[in-house]
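**Student:**
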Amino acid sequence: MPLSTRPRTFLGFFCILFPFFISLSYSATFTITNNCPETIWPGTLAGSGTPPLPTTGFRLDPGQSVRLPSTPGWSGRIWARTGCTFDEQGAGMCQTGDCGGRLECGGSGATPPASLFEITLGIGNGLDFYDVSIVDGYNLPLIAAPRGVFGACNATGCASDINTAPPRYQVPGSEKVVQMVYSSSNTLLPVPPLILLLIVYILS
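Just so you know, the sequence shown maps onto residues -27 to -1, 1 to 177 in mature numbering (1 follows the signal peptide of the UniProt record, and there is no 0).
#1: With which residues is G16 paired in a DSSP beta bridge?
#2: Would you please verify whether the beta carbon of A19 is less than 8 Å from any beta carbon of chain C?
#3: What separation, rounded to the nearest whole angstrom, lies between the Cα atoms of P51 and G65?
#4: Once the 5 residues before and after G79 are set aside, which same chain residues still bring their CB inside 6 Å of it?
#5: Look up P42 in the DSSP assignment and say whether it is helix, strand or coil.
#6: From this set, L41, P86, T12, I13, which residue's C-alpha is nearest P24's C-alpha?
#7: Below 8 Å CB to CB, which residues in the same chain sit around C131 once its five sequence neighbours on both sides are set aside?
#8: Hey, L6 and S38: beta-carbon distance below 8 Å or not?
#9: Roughly how many whole angstroms lie between the Cα atoms of T4 and A53?
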């Protein structure tokens, strides 16, 4: 979805409070806050030709925040991993959204299923583009909604309660009514144990 390069704000629901601010040079700072009652492990992956963010994976306990500056023209993905365990060397695994069995994703994307926030920042007067994708499956509710934008920019995302999916698509879990849900295309989709809040601000 294209965005004007004038002052703008995005808002979404992702169990993370996630503002980012864009400067006159069209770089951006992402502030990720965990508003969930459980720990999550955000992961980031830069697009081709753009540098990685200062960290590509980290632990975020409830109520904690992390700020990640980007560069002009940055593109990439941000997602949340759940049910992770890591040792002191950062090796381990996550139940959903795992990226190579490491705390720092280091260029590895999310293992499906994972709800994805994707963005490409424009340079100069170029447009920005963002979307919420479940092409790699669904592990957490995620909505991105622009605010204070010049232009017709609408909310986008996926925040359905898939506990209500038809029983033939459900896989019961030990801690949830439904752990996984199959789509009609046989994609395995897990039901989240929590709800995430994603807020994105861009100011030029």
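For every residue, glycine included, the Cβ atom is placed at its ideal position computed from N, Cα and C.
This one's a predicted model, so the numbers in the text were calculated from it and none came from an experiment.
**Tutor:** By the coordinates alone:
#1: In the sequence shown, residue 16 corresponds to position 43, counting from 1. The partner list for G16 (beta bridge, DSSP) reads G30, W52.
#2: The structure shown contains no chain C; it holds only a single protein chain.
#3: As a working note, residue 51 is residue 78 in the sequence shown. As a working note, residue 65 is residue 92 in the sequence shown. In the sequence as presented, Pro is not what sits at residue 51; that position holds Ile. Roughly 19 Å between the two C-alpha positions.
#4: Translated into positions along the sequence shown, residue 79 becomes position 106. Excluding residues within five positions, the ones whose Cβ falls inside 6 Å are T29.
#5: Here the question's residue 42 lines up with position 69 in the sequence shown. Residue state, collapsed to three classes: strand.
#6: Residue 24 sits at position 51 when you count from the first residue of the sequence shown. For P24, the nearest C-alpha among the options comes from L41.
#7: Here residue 131 corresponds to residue number 158 of the sequence shown, with the count starting at 1. S88, V105, I107, Y111, P114, L115, I116.
#8: On the sequence shown, residue 6 is found 33 positions in, with the first residue counted as 1. On the sequence shown, residue 38 is found 65 positions in, with the first residue counted as 1. The question names Leu, but residue 6 is Thr in the sequence shown. Contact flag set, yes.
#9: Sequence index remark: in the sequence shown, residue 4 carries index 31 (1-based). Sequence index remark: in the sequence shown, residue 53 carries index 80 (1-based). C-alpha separation (whole angstroms): 14 Å.
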